[in-house]
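Undergrad:
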Amino acid sequence: MSASQQQGWHMPVPAFKAVVFIPSKEEAIIRSLRVELLSAVAHDIITSPDGKGGNHWCFYLSVGPNQSVRIDPTPSGIPGPSISGGSKANIVVSCLPSAYSTRAQQVDTIAVALDVTVGRFLDAIMDAGREKYEFDVNGRGCRAWTSDQIDLFVSLGLITSSSEAEKAKSDLLLDFADYQPTGKRLALSRGAYY
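Residue 179 in the UniProt record's numbering sits at position 179 of the sequence shown; the count goes up by one each step and never skips.
Pasting the structure below:
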């Protein structure tokens, strides 16, 4: 059988989008929401092939009573250009009917500038090319990405409390379980920007 006879049915591969809104049809509404407070949040400890542990971290932007927008860097499974075996990040932006996840192990709140919107935080990330991030071969790198964005937000005046920002960055170096530090300190696992 020739190669032309073996053609078969092929599913088109969708174009990769680094920033994904859930639900996608509400992107404009989500971007327009006013942010009252930013929280850097640790979730459950991640198990990975390298056995390093560490919590998954992301941001929750408080936009009203018991309502938030999560900005969550997560591996897409699509190979990236910088790290052998690495995975391009999806920055998942979703509206939630809570201040943060019930699975949160640590919450570091950080004061934000007045009248700043979710869109301004997202634009800061994209204007700096920070949505083009690649996780390492073990799917690690969210803590480094979160730390980098805290620095970016401080430099742009989106975050107004440098002491709260530094506390959050310090907590990114700790493991949290059962809502308290385990005593284990971890260096940041760095992905790469591309």
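Beta carbons are placed, not taken as given, at the ideal position from N, Cα and C, and that holds for glycine. Quick caveat: nothing in here was measured; it's all calculated off a predicted structure.
1. Quick check: the Cα distance between PRO181 and LEU174, rounded to an integer number of angstroms?
2. Does the distance between the C-beta of SER32 and the nearest non-hydrogen atom of the ligand MG fall short of 8 Å?
3. Determine the DSSP secondary structure at ASP127, reduced to helix, strand or coil.
4. Taking C-beta to C-beta, are ILE29 and GLY191 nearer than 9 Å?
5. Would you kindly report the start and end of the unbroken alpha helix (DSSP H) that includes THR146?
6. Consult DSSP for ASP171 and reduce its assignment to one of helix, strand or coil.
7. For VAL93, tell me which candidate among GLY80, GLU131, ARG103 has the shortest Cα-Cα distance.
8. If contact is defined by three or more beta carbon pairs under 8 Å, each pair taking one atom from either stretch, is the segment 114–123 in contact with the segment 163–179?
9. Our contact map puts ARG185 next to GLY54 with C-beta atoms below 8 Å; I'd like the distance itself, whole angstroms only.
10. In whole angstroms, what separates the C-alpha of VAL112 from that of ARG70?
11. Taking all protein chains shown into account, decide if SER2 is buried (16 or more other Cβ within 10 angstroms of its Cβ) or exposed.
12. Name the residue from ARG31, VAL35, GLU27, LEU188 whose alpha carbon lies nearest to the alpha carbon of LEU158.
13. According to DSSP, which residues form a beta bridge with SER87?
14. Would you mind reading off the limits of the alpha helix (DSSP H) that contains residue 196?
15. Using a Cβ-Cβ cutoff of less than 7 Å, which residues in the same chain neighbour PHE21 once the five nearest sequence positions on both sides are dropped?
16. DSSP state of PHE121, grouped into three classes?
TA: Answer, in terms of the structure:
1. Whole-angstrom Cα-Cα distance: 7 Å.
2. In the structure shown, the ligand MG is absent, as is every other ligand, since no ligand is present at all.
3. In the structure shown, ASP127 sits in a helix (DSSP, three-state: H, G or I).
4. The criterion of a C-beta distance shorter than 9 Å is not satisfied by ILE29 and GLY191.
5. That run of the alpha helix (DSSP H) goes 142–155.
6. Residue state, collapsed to three classes: helix.
7. Ranked by how close their Cα comes to the Cα of VAL93, the residues GLY80, GLU131, ARG103 have GLU131 in first place.
8. No, the segment 163–179 does not touch the segment 114–123.
9. Not a contact, Cβ separation roughly 10 Å.
10. When rounded, the distance between both Cα atoms is 15 Å.
11. With a pLDDT of only 49 at SER2, under 50, the local geometry of the prediction cannot be trusted, and the value read off the model is given with reservation. It counts as exposed.
12. The residue with the shortest Cα to Cα distance from LEU158 is VAL35.
13. DSSP output for SER87 lists PRO79, PHE135 as bridge partner(s).
14. Coverage of the chain is limited to positions 1 through 194, which leaves residue 196 absent and any answer about it impossible.
15. If we look at PHE21 and ignore the five residues flanking it on each side, its Cβ neighbours are GLU27, ILE30, VAL93.
16. In the structure shown, PHE121 sits in a helix (DSSP, three-state: H, G or I).
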